[in-house]
Structures are given as C-alpha cells and as structure tokens.
Amino acid sequence: MSCWVVHRKWVEPFKAFLRLPVNVGKISVEPAACEKIGVCSFVEGWAKFIHNLSIDWYGGEPLLEMDLIKNMSKQFIAICQEKEVQYNSSMVTNGYHLTPQIAKELKELKVENIQITIDGPEDIHNARRILANGRINA
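Under this note's numbering, the first residue of the sequence shown carries the number 1355, and numbering increases by one thereafter.
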C-alpha cells in the first residue's frame, strides 16, 4: 500500500522514464536516462519512505556507461548510508566488456548480481551478436 500524495508527487512524474514496478522500493533504471531526469534527487526524496533500494542496470549495454554507473552508484550509496537505507544493485549485460578489473569495480559499487545473456549454443549466439563494426563476434 502506498500513500496517494507521495505516489502522485514522486512516482507519476517519473513513471515513463523509470518503468517502476509495483514495489516502489525497487527502481529499474536505464543508465543513459539517469542523469537527465534527476534520478539521484528522486532517490534522495524517496529515501525517507523506504528501507531498501535495489538498482538494476540494464538496457543497451550498461558496461558501455561505466563512468555513469560509477558516478550514480557512489551517489546512491552515499544517500543510502546517510538515510540508513540498505542498498544493492544488479546488472544485465552481454558480458563482452566484462573484465576482472571491471568486475572488481562493480563489486566495490555494490553490484551483487550480474546476469550475462546468452543466445543459445556458441554458433547461434555469435551469429546473433553482431558487433557495432558489423563483424560477427567469434
């Protein structure tokens, strides 16, 4: 159950951008849209109403936006520490840019789960995953 006033003030203006599930304590955000719509201010405003914040990084290829993810994650973590809100995040990626160094950075940013998408056996997967330069990923 949610407060109608809070719902109207915070959720309605951001619904189109954030694709909020029914449980507002879990916010799904596409990295490219985050800074443009003031997501950190949104989270800060919600922090007084929630106990847990879970951010899901997905859409396109989130690992191409590592600087944005680092910046926003640090802000989310700081907000949650200040407001005594538990924080975690997860990511859906094709894994192409995932290196041991990036995995270490993601762990430091409290990305607790990484889902790597696979499109079937190697030959089918590689045929479907054509790189930006037009080459087949082999």
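Note that beta-carbon positions come from the ideal geometry of N, C-alpha and C, so glycine has one too.
Range covered by the alpha helix (DSSP H) that runs through residue i
{"i": "Glu-1398", "result": "1393 to 1400"}
{"i": "His-1451", "result": "Unbroken run through His-1451: none, as it is neither H nor E."}
{"i": "Asn-1487", "result": "Where Asn-1487 is concerned, there is no enclosing alpha helix (DSSP H), given that its DSSP letter is neither H nor E."}
{"i": "Asp-1473", "result": "From DSSP, Asp-1473 is part of no alpha helix (DSSP H); its letter is neither H nor E."}
Euclidean distance between Cα positions of residue i and residue j
{"i": "Pro-1507", "j": "Arg-1482", "result": "The structure shown has nothing for residue 1507, since the chain only spans 1355 to 1492."}
{"i": "Ile-1503", "j": "Val-1446", "result": "A question about residue 1503 goes unanswered here, because the residues of the chain that appear run from 1355 up to 1492."}
{"i": "Gly-1463", "j": "Asn-1487", "result": "For clarity, residue 1463 is Leu in the given sequence; the question names Gly instead. So the alpha carbons of these two residues sit roughly 30 Å apart."}
{"i": "Lys-1402", "j": "Trp-1411", "result": "23 Å"}
{"i": "Ser-1395", "j": "Ile-1478", "result": "43 Å"}
{"i": "Lys-1424", "j": "Val-1393", "result": "14 Å"}
{"i": "Asn-1480", "j": "Lys-1437", "result": "45 Å"}
{"i": "Leu-1407", "j": "Ala-1457", "result": "21 Å"}
{"i": "Val-1465", "j": "Tyr-1450", "result": "17 Å"}
{"i": "Gln-1435", "j": "Lys-1461", "result": "17 Å"}
{"i": "Gly-1413", "j": "Thr-1453", "result": "19 Å"}
Burial state of residue i, where buried means 16 or more other Cβ atoms lie within 10 Å
{"i": "Pro-1416", "result": "buried"}
{"i": "Glu-1421", "result": "Glu is not the amino acid found at residue 1421; the sequence shown has Asp there. That one is exposed."}
{"i": "Tyr-1441", "result": "buried"}
{"i": "Ile-1472", "result": "exposed"}
{"i": "Ile-1470", "result": "exposed"}
Delimiting residues of the beta strand (DSSP E) encompassing residue i
{"i": "Ile-1470", "result": "1465 to 1470"}
{"i": "Asn-1425", "result": "Unbroken run through Asn-1425 is the alpha helix (DSSP H), 1420 to 1437; no beta strand (DSSP E)."}
{"i": "Asn-1406", "result": "1406 to 1411"}
{"i": "Asn-1442", "result": "1440 to 1447"}
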